[in-house]
Amino acid sequence: NESLLCISPFEYRGHEYTCLQDHHNGYIPLTEALHWSCNTFFYRLGLRLGIEELNKYAAYMGLGQKTGLEIGEAAGRFASPETTERLGGTWYPGDLLQAAIGQNETAVSPLQMACEAMTIANQGTRYETHLVRSVTDINGTVTFTEPKVAAEFEMSQSTYDAVSKGMSLAAGKYGLDSS
């Protein structure tokens, strides 16, 4: 988990992009970037990964995907050149930076965000979501909803530890217990 540079403003192709936080500066690790929601860190990470890789991991996490909920739902979307074109827009190089911080044409539900957290907590395994745990028929026979894996990807222990700690620190800064 290497550190990436956070100096604001970050200049990219003649435009300035800023980090809205003032709690850090210089090279910071992923844990601190998550803790302080460092835009500049994620701009740099997005440039390093590219939009295809960002979209691949967003899909693994359930962003822009249906969750499996029984009552129906919209899939939402994750920003990409294809999404922007489908919406009648033009994708510009700087749009990648906005996608890397979850903005641009990204539209996800609170349930999809919960699925992202579930996937991280399960170290790369995302399950379909359900409202119904079981159904009992007129004869008393109980049918349980079995967990169904929706997606899986490899997450190293060091990445899991860094993300888990960063998310706990971020929750703590908003008054939630971060232990």
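My numbering puts the last residue of the sequence shown at 188; the count rises by one with no breaks. The beta carbon of each residue, even a glycine, is placed where N, CA and C say it ideally should be.
(request) In the DSSP assignment, find the beta strand (DSSP E) that holds Thr134 and state where it starts and stops. (result) Position 125 of the sequence shown, counted from the start, is the residue given in the question as residue 134. Looking at the DSSP string, the run of the beta strand (DSSP E) that includes Thr134 is Thr134 to Tyr136.
(message) Please state whether the Cβ-Cβ distance between Gly103 and His24 is less than 7 Å.
(response) Here residue 103 refers to the residue found at position 94 when the sequence shown is read from its first residue. Here residue 24 refers to the residue found at position 15 when the sequence shown is read from its first residue. Yes.
(request) Report yes if the C-beta distance between Ala130 and Leu43 is below 7 Å; otherwise report no. (result) In the sequence shown, residue 130 corresponds to position 121, counting from 1. In the sequence shown, residue 43 corresponds to position 34, counting from 1. Contact: no.
(request) Tell me whether Ser187 sits in a helix, a strand or coil according to DSSP, three-state version. (result) Within the sequence shown, the letter at position 178 stands for residue 187. Residue confidence is low: Ser187 scores 47 on pLDDT, short of 50, so the model does not pin down where it sits. No coordinate-derived value is stated.
(request) Provide the residue(s) that pair with Thr168 in DSSP beta bridges, ordered along the chain. (result) If you number the sequence shown from 1, residue 168 lands on position 159. The secondary-structure analysis by DSSP pairs Thr168 with nothing; it has no beta-bridge partner.
(message) Let's see if you can read the secondary structure: which residues bound the beta strand (DSSP E) around Phe162?
(response) In the sequence shown, residue 162 corresponds to position 153, counting from 1. Looking at the DSSP string, Phe162 is not in any beta strand (DSSP E), and its letter there is neither H nor E.
(request) Tell whether a beta-carbon distance below 7 Å holds between Leu105 and Gly55. (result) For the purposes of this step, residue 105 is taken as the residue at position 96 of the sequence shown. For the purposes of this step, residue 55 is taken as the residue at position 46 of the sequence shown. Yes, the pair counts as a contact, with Cβ atoms nearer than the cut-off.
(message) Quick check on Arg142: does DSSP put it in helix, strand or coil?
(response) By 1-based counting over the sequence shown, the position of residue 142 is 133. Arg142 falls in the coil class under three-state DSSP.
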